[in-house]
Each structure stands twice: as C-alpha cells, then as structure tokens.
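Under our numbering, residue 250 is the last one in the sequence shown; the count climbs by one each step, no gaps. The beta-carbon is built from N, C-alpha and C at its ideal position, and this holds for glycine as well. As the structure is a prediction and not an experimental result, all values here were calculated from the model. Okay, structure first, notes after.
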Amino acid sequence: MGSRGSFYMTYGLCVSSGLTCLIMVVFWNWRWRGGFAWDGTEAQFNWHPVLMIAGMLVLYGLAAVLFRVPWGWSHEKRTWKLLHAGLMLAALALAAVGLHAAFHVHSTLNIPSMFSLHSWVGMSAVVTFAWQWILGLLSFLLPCSAPLLGRYMKGLHVWTGQAVLMLTLAACISGINEQLSFALDGVGASAYSSLPAEAIFGNMLGILTVVFSTLVFGILSKANWRRPAANTNEEAAPILLREETRP
Ligand code: HEM
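What follows is the structure, encoded as structure tokens:
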C-alpha cells in the first residue's frame, strides 16, 4: 500500500475511534448516570465528561492532524490554517462550557473544587491550550506577525500542541476512573471491583481514548505524511496577510 493509502487507513481509524469515544461517553451518561440537564444537579455534571471529550480530545485531535490530510494539499494553506485555528477555538469553547458545568454543580452541591489530581492535570491541559491558542494567534494569524517569529514558533507550537493532548489524555483517564469510583463504590454488589456492566463500559471508553490519542500522535510523528513544501515563505507567513504583501 502507498503512503497515501496507509495515511487514509490510519486517519479513518483515528476519526472512527474519536467518534466512538463521543458516542460512548454520551451513552454512558445517558444509560447509567441519569442523563442530561442544566439545573445544577448531577445531570448537569454529566455534560462535563461529554464536552471535555468532545472538545479537548476529539475535536482537538482531529484539528491537530488537519494539515496531514492530502486532500487539502491542493488548496491554499491559508484556508487550512484558518480552519485549524477555528476548530481549535471551537474545542476551547466546548472545554470552557464543560468546565463551567463541573464548577457550577460543585458550587451548588457544596462539593469542594480543585482537590483531585484529575482536576489539576485537567486544568493544566486547558490553561496550556488557551495560551497555545493565543500564542498561535500572535505568531501565525495577525497581519503584524513577523515571518521570522512564525518560523521560530512553529517547533514550539507543535511540541506544546502534543503536550496538551498528553495532558488531556491523562485527564480523561483519571476522570473516567474517578467517576467510576465515585459512582460505584459503596453501592454493594455493583462496586467497581466487582466489574459491573458500567465499569466494563467505562474502562473500554478509557482504552479507546488511548487508542485515539495514539493514532493522533502516530500521524503527527510520520515525516512523510507532512504537507509538502514545509518551511517555505508561505509556511511562515502570517495567515491574515494583506493581499499585496502575500508571498
Ligand atoms: C480534558 C478533559 C478533562 C478536563 C480538562 C477536566 C477538568 C476538570 C476539572 C478542572 C475539574 C474540577 C472542577 C471543580 O473542582 O469544581 C474536574 C472535575 C471532575 N471531572 Fe473532569 N476533566 C476532563 C475530563 C473528564 C472526564 C472524561 C471525566 C469522566 C467522567 C471527568 C470526570 C470528572 C469528575 C468526576 C470530577 C469531579 C471530581 C474532581 O473535582 O476531581 N472529567 N474536571
């Protein structure tokens, strides 16, 4: 199989595992955790895992590998840079609503905030992501961004981007584990250790988040799946450059 064939196969697996994560987290909360509402109760909290997995994991991961899709190489890179930035902003917005859901429920039910390792790792992921987006805007998007800055920042941007995904994965695994322990332990026969259906389902979701992230890291690490003509002037030029100054 050629390089394109193996890319599309890996990309197909990546997209389908991401979508399956999304379906599974919705199903888990609908089937076993009481469904969804926005009323300050546990049902509002259920939006937290759904929105965090949708935004920080799936949308973020797919936006990160966007430039690797050969179908887009014949189009102007500027369009793809804007789409990349737009999808990342949408991911950040979903994460902000997901965090609000958790903080709001904690405050209405008088549950302490930011005590767990999960919340610390998760907050590090979101804060790093927000800074990453702002730095990306300053380095690659604004008309005043210097091409030299763009070239210098690119390596750091790619590296920080992968660090955010790593932190997100750690937050997803610890969050799923924490939710299963809170929900199942102390409820007699359905204790986590007796592996009821919900625990098996949640563990499988956790494994699938690892599969999805591994596929994203795999796609990003393959040098011959990069968009050709990297390191040209177009590569480093600010996205919103005025027409007359575009290389
Ligand atoms: C990138 C993904 C995630 C991030 C950034 C994240 C972040 C956070 C933060 C900052 C809190 C603290 C809220 C507060 O103190 O009021 C929290 C709470 C919580 N999250 Fe997540 N979360 C993520 C994914 C998940 C997932 C997938 C689950 C799975 C069910 C989950 C379950 C929980 C639970 C049970 C709490 C309440 C207990 C605690 O504060 O640790 N989270 N999360």
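- If one requires a minimum length of 4 residues, the alpha helix (DSSP H) runs lying completely within the stretch 56 to 112 are 63 to 67 and 80 to 111, in chain order.
- Placement of the Cβ of C175 at a distance of less than 6 Å from at least one heavy atom of the ligand HEM is found.
- Distance from G101 to V61 at the Cβ level is roughly 12 Å; contact not present, criterion being Cβ atoms closer than 8 Å.
- At a threshold of 6 Å, E201 does not count as near the ligand HEM, since its beta carbon sits no closer than that to any of the ligand's heavy atoms.
- Distance from the CA of H109 to the CA of C175, rounded to the nearest whole angstrom, comes to 19 Å.
- Short note on F220: C-beta not closer than 6 Å to any heavy atom of the ligand HEM.
- Here C24 really is in contact with L208; their C-beta atoms are around 7 Å apart, less than 8 Å.
- Counting C-beta atoms within 10 angstroms of its own C-beta, L112 has fewer than 16 neighbours from the protein chains shown and is therefore classed as exposed.
- Nearest to A93 by alpha-carbon distance, out of G58, E45 and I179, is G58.
- Counted as a single uninterrupted DSSP element, the alpha helix (DSSP H) harbouring R154 occupies residues P150 to L187.
- Annotation for F132: the continuous alpha helix (DSSP H) segment containing it runs L120 to G139.
- Annotation: the continuous alpha helix (DSSP H) that includes A200 extends over A200 to S224.
- DSSP places L22 in the uninterrupted alpha helix (DSSP H) bounded by S6 to R34.
- Remark: C-beta atoms of W31 and F215 do not approach each other more closely than 7 Å.
- Taking 6 Å as the cut-off, the C-beta of M91 does not count as close to any heavy atom of the ligand HEM.
- Residue environment: T212 is assigned as buried (16 or more neighbouring CB atoms within 10 Å of its CB, all protein chains considered).
- By the C-beta density criterion, K225 is exposed, having fewer than 16 other C-beta atoms within 10 angstroms.
- Between the stretch 175 to 187 and the stretch 67 to 76 there are fewer than three C-beta pairs closer than 8 Å, too few to call the two in contact.
- Per DSSP, the continuous alpha helix (DSSP H) segment holding A46 begins and ends at E45 to F48.
- Note that the stretch 122 to 130 does not touch the stretch 77 to 87; fewer than 3 beta-carbon pairs, one per stretch, sit closer than 8 Å.
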